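Protein chains in written order, with our numbering: chain A, 1282 to 1563; chain B, 36 to 323. Just so you know, even glycine gets a beta-carbon here, dropped at the ideal spot from N, CA and C. Quick caveat: nothing in here was measured; it's all calculated off a predicted structure. Notes for the one structure printed next.
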């Protein structure tokens, strides 16, 4: 568990969200009564199939979408309160799937400075923040380059630096590795681990089960509702339910289940490959 | 149907400060009915290579033969060739444009000048192969479909051309696990029912292990490793050095071996790893 995990920073109360549909009489309900309290400094992974409502949930956290029912609070500010929107967006930054859609400038360091500049911060403080943010994502050496010269993983790290430079308390990642190659995925996941160590609250939306095993908490969404919620070791005891929702269990969990069926004693709670290997080779 | 590539060289931005040798002497041969995996991290030259196979790009030097005839020859006719080679780019659903799935899938065949009846037959066949239900999906707007269904509709549009060679660039990227396994199963079925050459470009080594007859691994414009999956995946350290990995299960078995576990064979899939670890645990228990 994270060291700062005592205070609720994101509170989602009975959230309902509906999209209007073209040519259809009624709206489509993407979120159907979700309540979650997310603790400051924690790392929560939200997983679910395409269309399960996980991205809609993410967009409701930093007021890109506003609730049709229920309420969302970020650090005490209610997202539906129009006067609070800048307070919320300074506290909850967001990183999206496609790095190409998030970079606005022709030079990496200008891109990272874009957010803090808009907060009206003094130039020397901006310089410090940009350098620190680029260092944090290991892109300081590329600061003078043009984003189009970078790999997907590098672009995504620049996008993360742009959010980090705003010094948010929470960062919501909406499938940040979906368009990256394995190396890019590993780079981005490493940065997430480091941001978590620094005490930033992380919410990671993903379809990659393996990315969730390092989280403090996993929330599985299905048809707009929370289907499972708990620490990885607890959530992955429900392999049958996870499969029925069209998701895969992580390798170690799936293998543990199969070996148990073959009559071997394998303790529950081994969710990473490292843990499983250590147990099998003990 | 066969493909032969001889010493292909391609340079981007020649004479500019950004000059890059994207292909640096690539040679390969692909036989009829093979499913080939093409791996390599971003920028290794995979997409540049496949764009030479249907003449979208022309090499600086080297030659490409499709079915024995040289397509890189001066004045080679490429129209017929492009009909025979279906190339599916990454995120092909961004290229859907018609009002209905039916019209989108029919776009290619109707441009071949086929009759309405024959076009209709091709659309039904392609949707069936792609795993889309004709009755419920044909008259819908492609933009109303889920991510996985959109991808299948885009694939159906290429299948409707009845290609002899099907090239897919990361066909499962960005999809959820259920849609990913649908698409992989579909590729297996197409290979079985059609016997065409399929080239699968992917970073996903698990997909490669499951489907490919042979794998080519590219790095800096060259083919660094090639062979059946068991051979290529026995080179874990080299693959990692190229920013790639092993199939998950094979990586786990390697970790067990590093800790001294004696495991037979080279399991690449979860099923194979399950059997190998079962045997390992039994022999371990049998020992005093």
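Collapsed DSSP secondary structure at residue i in the structure displayed
i, result
"residue 243 of chain B", "helix"
"residue 276 of chain B", "helix"
"residue 64 of chain B", "strand"
"residue 53 of chain B", "coil"
"residue 1361 of chain A", "coil"
"residue 299 of chain B", "coil"
"residue 1540 of chain A", "helix"
"residue 1560 of chain A", "helix"
"residue 1546 of chain A", "coil"
"residue 1284 of chain A", "For residue 1284 of chain A, the predicted model reports a pLDDT of 47, less than 50, meaning its position is unreliable and no value from the coordinates is stated."
"residue 178 of chain B", "helix"
"residue 281 of chain B", "coil"
"residue 148 of chain B", "coil"
"residue 1403 of chain A", "coil"
"residue 1503 of chain A", "strand"
"residue 1469 of chain A", "helix"
"residue 312 of chain B", "helix"
Residues that residue i contacts on chain B, provided the C-beta gap is smaller than 7 Å
i, result
"residue 1470 of chain A", "In chain order: nothing, as chain B lies at least about 13 Å away."
"residue 1488 of chain A", "211 and 212"
From the options, residue whose alpha carbon lies closest to that of residue i
i, options, result
"residue 37 of chain B", "B:247, B:231 and B:295", "B:231"
"residue 1313 of chain A", "A:1296, A:1326 and A:1454", "A:1296"
"residue 1400 of chain A", "A:1342, A:1421, A:1370 and A:1301", "A:1370"
"residue 304 of chain B", "B:254, B:318 and B:286", "B:286"
"residue 248 of chain B", "B:42, B:66 and B:50", "B:66"
"residue 213 of chain B", "A:1527, A:1294, A:1287 and A:1449", "A:1527"
"residue 1463 of chain A", "B:223, B:217, B:225 and B:239", "B:239"
"residue 1469 of chain A", "A:1433, A:1388 and A:1316", "A:1433"
"residue 1293 of chain A", "A:1319, A:1412, A:1476 and A:1490", "A:1319"
"residue 1382 of chain A", "A:1342, A:1364, A:1359 and A:1437", "A:1437"
"residue 1324 of chain A", "A:1477, A:1460 and A:1396", "A:1477"
"residue 226 of chain B", "B:199, B:208 and B:252", "B:199"
"residue 1499 of chain A", "A:1506, A:1415 and A:1517", "A:1517"
"residue 1512 of chain A", "A:1327, A:1299, A:1290 and A:1311", "A:1327"
Per-residue contacts from residue i into chain B (C-beta, under 8 Å)
i, result
"residue 1331 of chain A", "181, 182, 183, 210, 211 and 214"
"residue 1515 of chain A", "Per Cβ cutoff of 8 Å: no residues; residue 1515 of chain A is ~21 Å from chain B at best."
"residue 1554 of chain A", "283, 286, 287 and 290"
Chain-ordered chain A contacts of residue i [CB-CB under 9 Å]
i, result
"residue 77 of chain B", "1432, 1433, 1434, 1461, 1462, 1464 and 1465"
"residue 305 of chain B", "1532, 1535, 1536 and 1539"
Closer than 7 Å to chain A by CB, residue i
i, result
"residue 280 of chain B", "yes"
"residue 84 of chain B", "no"
"residue 296 of chain B", "yes"
"residue 134 of chain B", "no"
"residue 316 of chain B", "yes"
"residue 313 of chain B", "yes"
Beta carbon proximity, residue i to chain B, threshold 7 Å
i, result
"residue 1527 of chain A", "yes"
"residue 1429 of chain A", "no"
"residue 1532 of chain A", "yes"
Within chain A, partners of residue i - CB distance below 8 Å
i, result
"residue 309 of chain B", "1536, 1539, 1540 and 1543"
"residue 238 of chain B", "1462 and 1463"
"residue 155 of chain B", "In chain order: nothing, as chain A lies at least about 25 Å away."
Contact list for residue i against chain A, beta-carbon separation under 7 Å
i, result
"residue 291 of chain B", "1558, 1561 and 1562"
Beta-bridge partners of residue i, as assigned by DSSP
i, result
"residue 59 of chain B", "B:44"
"residue 163 of chain B", "None; residue 163 of chain B has no bridge partner."
"residue 1320 of chain A", "A:1289"
"residue 121 of chain B", "B:201"
"residue 1299 of chain A", "A:1310"
"residue 251 of chain B", "B:73 and B:261"
"residue 1354 of chain A", "A:1292 and A:1359"
"residue 1373 of chain A", "A:1451"
"residue 210 of chain B", "Beta-bridge pairing links residue 210 of chain B to no other residue."
"residue 1325 of chain A", "A:1484 and A:1498"
Residue i: CB within 6 Å of a non-hydrogen atom of the ligand GTP
i, result
"residue 1346 of chain A", "Ligands displayed in this structure: none; no statement on the ligand GTP is therefore possible."
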